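Numbering (our numbering), first residue to last: 46 to 317.
Taking it in order: structure first as structure tokens, then the write-up.
Next comes the structure, spelled out in structure tokens:
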């Protein structure tokens, strides 16, 4: 169940403007502190705002999202999957067996520790802390990557860097599915006052929030680039307790692909 709101009516800001923190190392240190604090305070809600604090709904959402990802990504026995911003492994738990290997990555050591407990001694899973804009895997390490409820919490520099980095660690033709957490190409989160009240009601500690997520995503997914937009939709299956409907403001996803080597070669040789 939800814990009592820690800051309802208070003056402490539940949103940390992560872009205001100066420097890559300082930003990652701050993000780790904030997510560790939320993990210790309320791990379920900090990884799934929409579960209402109910463990059963948390598991249902994780299983439902895993089914959606299996279909959209066409995961198979040769797939190698990167779960970037894995949290406590709410989705990865239900993707076990869908891929030959899974790499779970998160900025929070507390989240990764709980993910290890949830997935047990899964032989095909690794758990890796990320503390920089460069991802710690060689080129072409994965066939698929996911970032569920992550990008809206990143500073702009990390969001831009991770688009290039995910492309680097994917094989040519690899797929990347992310949820956007934003209403469109806007420089400001929709209705910041309401967002703050919602975070207070959920009993969450301060969360890192990027200042230009929508605008940066629109720029990165428009035109040529290391990742090409294949499709987008509003039917990502986040659901509220006891309501068999998706959450309207949390259902947006983007599916991108890394161009094949042949296509990249052609594009690079075309005259400008």
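Ideal placement from N, C-alpha and C gives every residue a C-beta, glycine not left out.
Because the structure is a prediction, the values reported are computed rather than measured.
- Rounded to the nearest angstrom, the gap between the Cα atoms of residue 111 and residue 136 is 6 Å.
- Each of 177, 115, 77 was checked against the Cα of residue 281, and the nearest Cα belongs to 115.
- Per DSSP, reduced to three states, the secondary structure at residue 62 is strand.
- Take the alpha-carbon of residue 71 and the one of residue 203: they are about 12 Å apart.
- Pairing residue 223 with residue 196 gives a Cβ-Cβ distance under 8 Å.
- Residue 207 and residue 126 have their alpha carbons spaced roughly 16 Å apart.
- In the three-state reduction of the DSSP assignment, residue 299 falls in the strand class.
- Residue 200 and residue 113 have their alpha carbons spaced roughly 27 Å apart.
- In the three-state scheme derived from DSSP, where H, G and I count as helix and E and B as strand, residue 92 is classed as helix.
- As the crow flies, the alpha-carbon of residue 211 is around 31 Å from that of residue 97.
- For residue 266, there is no enclosing alpha helix (DSSP H), as DSSP marks it with neither H nor E.
- For residue 179, there is no enclosing beta strand (DSSP E), as DSSP marks it with neither H nor E.
- Contact fails between the segment 260 to 274 and the segment 86 to 103, because fewer than three Cβ pairs, one in each stretch, are under 8 Å apart.
- Annotation: residue 191 is outside any alpha helix (DSSP H); the continuous beta strand (DSSP E) that includes it extends over 187 to 192.
- The segment 241 to 258 and the segment 57 to 71 touch, with three or more beta-carbon pairs separated by less than 8 Å.
- The DSSP-derived three-state label of residue 196 is helix.
- Across the structure, residue 122 and residue 109 are spaced so that their CA atoms are roughly 20 Å apart.
- Going by DSSP, residue 209 is part of the alpha helix (DSSP H) stretching over 201 to 214.
- Residue 162 is positioned such that its CB atom lies no closer than 8 Å to that of residue 149.
- Contact between residue 219 and residue 187 holds, with the beta-carbon distance rounding to 6 Å and staying under 8 Å.
- Apart from the 5 residues on each side of it in sequence, residue 107 sits with its Cβ closer than 8 Å to the Cβ of 93, 135, 136, 138, 139 in its chain, given in chain order.
- In the structure shown, the three-state DSSP call for residue 249 is coil.
- Within its own chain, the residues whose Cβ lies closer than 8 Å to the Cβ of residue 169, once the five positions on either side in sequence are excluded, are 141, 144, 145, 146, 147, listed in chain order.
- Considering only 304, 283, 249, the residue with the shortest C-alpha distance to residue 274 is 304.
- In the three-state scheme derived from DSSP, where H, G and I count as helix and E and B as strand, residue 148 is classed as strand.
- Cβ-Cβ separation between residue 296 and residue 90: approximately 19 Å, too far for a contact (criterion under 8 Å).
- In this structure residue 82 does not touch residue 133 by the C-beta definition: roughly 14 Å separates them, more than the 8 Å allowed.
- In the DSSP assignment, the residues bridged to residue 221 are 190, 301.
- The shortest CA-to-CA distance from residue 217 to any of 272, 68, 153, 251 is the one to 272.
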